[in-house]
């Protein structure tokens, strides 16, 4: 797929999705998440409720960066130290897909006062028959952004690219297409920022670098998170320079 065609696909997908969301809010079309909502609730409702209880117990630090998404966010146990001196809020959960996050984004984000939001989700394209298409992933990401904007109209939203991993590298061509569509959506919105990771996680032969991952060859170890930290901090600093 050429870059020009990717641009057109992403633009059309985003425009159509906005139209569906707008019409749905007026009650003229069915729920745009109808095929995902029941499954998401069945699998993740208990986890989301636990995070909501955590929201009640913890006070958000001022000017914090809110991180939401799947297990790679949840497992980032050294997040606050890695992003220092910035303060962070971690609300990652399980092995969520964009279709799950679309269902829960508003509940995850609304309670928090934050300076920015960082998202990572990497489970919609894994090399299986029921994988979503890159265009569908892009549409769901746009829906997540729309849900975030209901309560957080101005904070910048940063999207970490779907990072290449050894265990899912057979699906990398499709993942690359999804990343391209996601990046184009970010380019079309001045409040969205794409954090590319590919160049740091592939070796000279274009293969994933094993030393960044734990035994499951999917989740990152501390060395991998150190790379993520550098990429995220660099983008945050470029968009939101630290105050002296």
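In my numbering, the protein residues as written are 147 to 390. Glycine is no exception: its CB is placed at the ideal position from the N, C-alpha and C atoms.
Residue i burial status per 10 Å Cβ neighbour count (16 or more: buried)
i: residue 305; result: buried
i: residue 275; result: exposed
i: residue 218; result: buried
i: residue 378; result: buried
i: residue 368; result: exposed
i: residue 188; result: exposed
i: residue 351; result: exposed
i: residue 316; result: exposed
i: residue 296; result: exposed
i: residue 320; result: buried
i: residue 365; result: buried
i: residue 178; result: buried
i: residue 343; result: buried
i: residue 345; result: exposed
i: residue 243; result: buried
i: residue 380; result: exposed
i: residue 203; result: exposed
i: residue 196; result: exposed
i: residue 393; result: With the chain represented from 147 up to 390, any question about residue 393 goes unanswered, as that position is not in the structure.
i: residue 169; result: Note that residue 169 has pLDDT 47, beneath the 50 cutoff, so the model's placement of it is unreliable and the number below is only indicative. Residue 169 should be labelled exposed.
Within 8 angstroms, strictly: CB atoms of residue i and residue j
i: residue 186; j: residue 270; result: no
i: residue 255; j: residue 298; result: yes
i: residue 273; j: residue 309; result: no
i: residue 259; j: residue 206; result: yes
i: residue 302; j: residue 337; result: yes
i: residue 373; j: residue 339; result: no
i: residue 220; j: residue 238; result: yes
i: residue 222; j: residue 347; result: no
i: residue 225; j: residue 213; result: yes
i: residue 283; j: residue 327; result: yes
i: residue 382; j: residue 211; result: yes
i: residue 307; j: residue 280; result: no
Which listed residue (the options) has its alpha carbon closest to that of residue i
i: residue 264; options: 251, 198, 346; result: 251
i: residue 241; options: 359, 266, 258; result: 266
i: residue 228; options: 376, 387, 381; result: 376
i: residue 209; options: 223, 193, 231, 199; result: 231
i: residue 313; options: 294, 354, 341; result: 354
i: residue 290; options: 342, 332, 195; result: 332
i: residue 335; options: 292, 344, 356, 318; result: 292
i: residue 358; options: 243, 311, 279; result: 311
i: residue 233; options: 329, 257, 262; result: 262
i: residue 318; options: 294, 198, 287, 277; result: 277
i: residue 194; options: 216, 176, 180, 181; result: 216
Host alpha helix (DSSP H) of residue i (start-end)
i: residue 280; result: 280-297
i: residue 268; result: Segment: none, residue 268 is in no alpha helix (DSSP H) and carries neither H nor E.
i: residue 366; result: That residue, residue 366, is in no alpha helix (DSSP H); it is neither H nor E in DSSP.
Neighbour flag for residue i against chain D, beta carbons, 8 angstroms
i: residue 214; result: Given the protein chain composition of this structure (a single chain), no chain D is represented.
Inside the segment 299-363 only - alpha helix (DSSP H) runs reaching at least 4 residues: 318-333, 344-347
Runs of beta strand (DSSP E) wholly within the segment 202-263 (minimum 3 residues, chain order): 211-215, 234-238
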